[in-house]
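Colleague:
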Amino acid sequence: MRLRQLEYFVAVADHGSIRKAAAVLFVAQPSLSTQIAALEREVGGVLLNRQPRGVTLTPAGRVFLREARSTLAAAERAKRFASLALGGEQGELRFATVLSIAAGLVPAALLAWRAGRPDVRAYLHEYRSSAELERSTLQGLHDFAVGPRPSAAFEVIEFIGTEEFVVVLPEADPLLDSRSVDISALGDRPWVLFSRDHGLSAILGELFAAAGIAPESAVYTSQTDVAVRLATVGLGPTIVPDNVVPRPLRRYARSLAVPLLRDLYAYSTTPLPSLAQPFLDELRGVAAGYER
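Per the working numbering, residue -17 is the first one in the sequence shown, and the count goes up by one each step.
Structure representation (structure tokens):
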């Protein structure tokens, strides 16, 4: 089994078509079909359902796809680390995080980190929930992750900092006169909430249950920065990490009467690449700037 065959299989699965994958890979369609068939013979079963309008994955194909992605990611990582050790590249950083951290802490940290590294490339992948982030990291799809403390055991787990969740209110809301807000007082308002697959959706659900409220939604969104803007214009309150709130809009944010804090970590299944530590140091500095 060759890496090229795995690359071919992943491309076919991603495009749902041997014809489309062949065009993207610049490979003749019959040649690609032959390679996929050879791969199936080697694994001992059918990985793709051939249909008139394309292909779909068999149950075995879905399992194989997950492992193929992990294998390709590990091979790419090995090549990059070896090249760096030989001095053959300026380097690159591949990491992942959840949407709220990507919108809040990452931009300033990444800007500061790249200031002295103009030739270094960074690749960021954002996930909707910490569970998705943890699964992808276990599969080796990136060098490391930044998010809430993972439930699984990782070779590397480094503390980054603590973020506070705040409630964002509309302009001129009377509750802005207070330093903190009891969300039970907001139970009869429509809220700006997050789509069910977003990690913050579960957090808000737990907060509402603890406060004994079940507010209606004015709108659902999957973007924390969008939620902040929707709240400030008056669609309803929302709750986000404080670092997500842009500086001009922080006057609309208030602490919760019962503070909610979340510790953040960097974690990985392998030792961190040398370029990661300076970036994590910048990330710690940005996180510390929000401590109250």
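We treat Cβ as the ideally placed atom computed from N, Cα and C, and that holds for glycine.
Values in this document were obtained by computation on a predicted structure and should not be read as measured data.
With a Cβ-Cβ cutoff of 8 Å, do residue 105 and residue 75 count as a contact?
Modeller: Going by C-beta atoms, residue 105 is nearer than 8 Å to residue 75.
Colleague: Go to residue -10, then tell me how far its alpha helix (DSSP H) extends in each direction, as first and last residue.
Modeller: From DSSP, the alpha helix (DSSP H) with residue -10 extends over -15 to -3.
Colleague: Only counting the same chain, and skipping five residues up and downstream in sequence, which positions put a Cβ closer than 7 Å to that of residue 218?
Modeller: Answer for residue 218: 171, 172, 173, 174, 200, listed in chain order.
Colleague: Is the CB-CB distance between residue 115 and residue 54 below 8 Å?
Modeller: No, the pair does not count as a contact, with Cβ atoms beyond the cut-off.
Colleague: Could you tell me the distance, in whole angstroms, from the CA atom of residue 163 to the CA atom of residue 240?
Modeller: Distance between the alpha carbons of residue 163 and residue 240: 8 Å.
Colleague: Just tell me which of 86, 90, 212, 102 has its CA closest to the CA of residue 256.
Modeller: Nearest of 86, 90, 212, 102 to residue 256, Cα basis: 102.
Colleague: Tell me the rounded alpha-carbon separation between residue 112 and residue 154.
Modeller: Taking the straight line joining both Cα atoms gives about 34 Å.
Colleague: Where does residue 139 land, buried or exposed, given buried means 16+ other C-beta within 10 angstroms?
Modeller: Exposed: under 16 other Cβ atoms inside 10 Å.
Colleague: Using a threshold of 8 Å, state whether the C-beta atoms of residue 236 and residue 168 are closer than that.
Modeller: Against a cut-off of 8 Å, the Cβ pair of residue 168 and residue 236 comes out as no contact.
Colleague: Quick one: what's got a C-beta closer than 7 Å to residue 15's C-beta in the same chain, skipping five residues either side?
Modeller: Within the same chain, residue 15 has close Cβ partners 0.
Colleague: Under 8 Å by Cβ, that's how I've got residue -9 and residue 50 pegged, so tell me the actual separation to the nearest angstrom.
Modeller: Their Cβ separation, rounded to whole angstroms, is 6 Å, which keeps residue -9 and residue 50 in contact under 8 Å.
Colleague: So, under 8 Å CB-CB, residue 79 and residue 128 are touching, yes? Tell me the CB distance rounded to an integer number of Å.
Modeller: With a Cβ gap of about 4 Å, residue 79 and residue 128 count as contacting.
Colleague: In chain order, what residues of the same chain have a beta carbon less than 7 Å from the beta carbon of residue 226, not counting five sequence neighbours either side?
Modeller: Excluding positions up to five away in sequence, the list reads 82, 85, 86, 206, 207, 210.
Colleague: For residue 143, count neighbouring C-beta atoms within 10 Å of its own C-beta (all shown protein chains included) and say buried if the count is 16 or more, exposed if not.
Modeller: Buried, because 16 or more other Cβ atoms sit within 10 Å of the Cβ of residue 143.
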